[in-house]
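For reference, the structure is listed below as structure tokens.
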Amino acid sequence: MSSNPFEDDEAQFFVLVNNEGQYSLWPAFAERPPGWKRVLGPNGREHCLAFIEREWTDMRPQSLRDVVDEAPTRRT
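In terms of the working numbering, the sequence shown is residues 8 to 83.
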């Protein structure tokens, strides 16, 4: 077992997402932090990481995306 539970290739993980649309790999043995919901798992680490890479295509928090999308386009 790795000393860092997030790097243990033999462990089971969940994929969590918060209300800002940010994803997290989370060890299955650990209590889910407040404000996060489970969207995948338990599965192996590589499976969860592949899911995160496929789904989390915009790293900006949802609140920032909302502000940018609402901002008027500046024309010069």
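Note that the Cβ used here is the ideal one computed from N, Cα and C, for glycine as well.
- For F58, the uninterrupted alpha helix (DSSP H) run begins and ends at 52 to 62, by DSSP.
- With a cut-off of 8 Å on Cβ pairs, the region 44 to 51 is not in contact with the region 65 to 78, counting fewer than three such pairs.
- Distances from the alpha-carbon of Q29 to those of F13, E62, E14, Q19 put E62 closest.
- Counting only residues of its own chain and dropping the five nearest sequence neighbours on each side, K44 has a CB closer than 7 Å to the CB of L23, V24.
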